[in-house]
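**Q** Sending over a structure as structure tokens; questions will come in a sec.
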Amino acid sequence: MRLPKLDPEKSDIDKEKAQEMIDYAYSHGINYFDTAYPYHEGKSELFVGEAMKKYPRESFHLASKMPVWLVEKPEDTLKYFEEQLNKCQVEYFDYYLCHALNHDRLEIIKKNHIFETLQKEKEAGRIKHLGFSFHGTIEMLEEIVNAYDWDFAQIQLNYYDWDMQNAKREYEILEEHGLPVVVMEPVRGGALHTLCPEGVEMLKKADPNAAPASWALRFAASLPNVLVVLSGMTTMEHMKDNVDTVDDFKPLTESERELLFKVADVYKQSKTVPCTGCRYCMDCPAGVDIPAVFKIYNQYCVTENKAQFLADYEALGDSKQAHHCVACRKCCSQCPQSIDIPTRMEDVKALYKKLKG
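By my numbering, the letter at position 158 of the sequence shown is numbered 140, and the numbering carries on one by one without gaps.
Below you can see the structure in the form of structure tokens.
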């Protein structure tokens, strides 16, 4: 759950705006709210608990996630689970996930009997549905799916990643195993809203009144095995546009699907970095603000506005800029998109040098 912040560079939630957005969503029929232990540096669950306590508990679905990487011994699982229930001010989670599984985290689950502990909580009624979220290879997904008796799974899925990052095959695997899909990053961190000029024009020609983000949401929501589509919204404008899209939902036609794949092909030709702004790569030991650097770089790739790029990049401050990258590659293993971050930092450095003159 991306929430509006008081300062874009910090994690403090703008509680007034966030509450307003949650109230708007709830009043317009949105009933699935997603949070997790590390979101907003541990503050997301606390805020969600405060924001949702005025509503009848049975009127909404709440999802949170076990921070598997923090579990060092079997009893830690219950410790974190209890802490999350308390922070969210609830007696149960409707959907509970083992967070961002990969090979190492699956081994932690096995070693510390995390699934078995959570299964007991499910039997006790404190978890309604037990699943996992995932970033990784097809082979890893197969191993995770076959390891335990999951109820659902959460994957990154959008029309750009459908072929680019095997989202299609991941979806098919989950469908074959009878696991409903929770979609994350349907707009790829906003990238499928800004797109590139040619991509935006292609969509505008097909429907002048539809925002690019609405096309992306419709792509994900049109798939039959999708349980829910998550959308991280930080402004009321985004909220209203997304609510309008699903309120008067129209599944994609086959010709519209084909159009989106053509838009994806055009977008892939741009020099943008496939960063979603998740910030799993942070903190950088050298002090580089990796997501902020890539956001500014991507904006230039789309607009080619030299003055804007230089202004935004220099406003970051010298200590956060790309030239401080020492290619330690610590960030690479944390990136769900498998971006070669040091190499792309070189691209940013080269662009700044070129434009600065």
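Each residue gets a CB set at the ideal place from its N, CA and C atoms; glycine is no exception.
Should C257 and P273 be called a contact, given that it needs their Cβ atoms to be closer than 8 Å?
**A** In this structure, P273 lies closer than 8 Å to C257 by Cβ.
**Q** Using alpha carbons as the reference points, say which of L177, V165, G339 and G181 lies closest to A202.
**A** That would be V165, whose Cα lies nearest to the Cα of A202.
**Q** What residue from P194, G171, V169 and R170 has the CA that sits closest to G181's CA?
**A** Selected option, being the one with the closest Cα: P194.
**Q** Can you give, in chain order, each stretch of the alpha helix (DSSP H) that sits fully within the stretch 61 to 106 and has at least 4 residues?
**A** Complete alpha helix (DSSP H) runs here, min 4: 85 to 94 and 96 to 105.
**Q** Assuming V163 is part of the beta strand (DSSP E), what are its boundary residues?
**A** From DSSP, the beta strand (DSSP E) with V163 extends over V163 to M166.
**Q** CB A0 to CB A45, shorter than 8 Å?
**A** No, Cβ-Cβ distance for A0 and A45 is not below 8 Å.
**Q** Any heavy atom of the ligand ZN closer than 7 Å to the CB of P179?
**A** As presented, the structure is devoid of all ligands, the ligand ZN included, so that no description of it is given.
**Q** Do you know offhand how far I96's Cα is from K253's?
**A** Answer to the nearest angstrom: the Cα atoms are 41 Å apart.
**Q** Tell me whether the beta-carbon of Q303 lies closer than 8 Å to the beta-carbon of V270.
**A** It is a contact, given that the beta carbons lie within the stated cut-off.
**Q** Residues in its own chain within less than 6 Å of R326 by CB, not counting five upstream and five downstream?
**A** Around R326: V255.
**Q** The alpha helix (DSSP H) with L337 in it runs from where to where?
**A** L337 -> alpha helix (DSSP H) spans I323 to K338.
**Q** Which partner residues does Y14 have in the DSSP bridge list?
**A** DSSP output for Y14 lists H43 as bridge partner(s).
**Q** Please determine if the stretch 312 to 330 and the stretch 262 to 269 are in contact, where contact requires at least 3 C-beta pairs separated by less than 8 Å.
**A** Judged by Cβ distances under 8 Å, the stretch 312 to 330 makes contact with the stretch 262 to 269, as three or more pairs qualify.
**Q** Would a C-beta distance cut-off of 8 Å place V163 and V208 closer than the cut-off?
**A** Result yes, Cβ atoms of V163 and V208 sit closer than 8 Å.
**Q** Could you tell me the distance, in whole angstroms, from the CA atom of E65 to the CA atom of A289?
**A** The straight-line gap from Cα to Cα measures roughly 48 Å.
**Q** In terms of residues, what are the limits of the alpha helix (DSSP H) holding H175?
**A** Start and end: A173 to T176.
**Q** I'd like to know whether the C-beta atoms of K110 and Y74 end up nearer to each other than 8 Å.
**A** The answer is yes: Cβ separation under 8 Å.
**Q** Jot down the residue ranges of each uninterrupted beta strand (DSSP E) in the stretch 198 to 236, minimum 3 residues, whole runs only, in chain order.
**A** DSSP runs (the beta strand (DSSP E)) wholly in the stretch 198 to 236: 208 to 211.
**Q** Determine the burial state of M221: buried for a count of at least 16 other Cβ atoms within 10 Å of its Cβ, exposed for fewer.
**A** Buried, because 16 or more other Cβ atoms sit within 10 Å of the Cβ of M221.
**Q** When you compare the stretch 82 to 97 with the stretch 48 to 63, are there three or more beta-carbon pairs, one atom per stretch, that lie closer than 8 Å?
**A** In short, these stretches touch, since the Cβ pair count reaches three.
**Q** Once the 5 residues before and after G259 are set aside, which same chain residues still bring their CB inside 6 Å of it?
**A** For G259, where only same-chain residues beyond five positions count, the Cβ hits under 6 Å are G171 and P273.
**Q** State yes or no: is the C-beta of L234 within less than 8 Å of the C-beta of M184?
**A** Taking 8 Å as the Cβ cut-off, L234 and M184 do not qualify as a contacting pair.
**Q** Less than 8 Å between C-beta atoms, sequence neighbours within five positions excluded: which residues of the same chain meet that for Y6?
**A** Cβ within range, chain order: M218, M221, K222 and V225.
**Q** Let me check one thing: in DSSP terms, what residues is M48 bridge-paired to?
**A** DSSP, once it has assigned bridges, lists C80 as partnering M48.
**Q** With DSSP as the reference, identify every bridge partner of Q138, one or two as the case may be.
**A** DSSP, once it has assigned bridges, lists M166 as partnering Q138.
**Q** Using only the alpha-carbon positions, how far apart do T119 and G107 sit?
**A** For T119 and G107, the distance between alpha carbons rounds to 33 Å.
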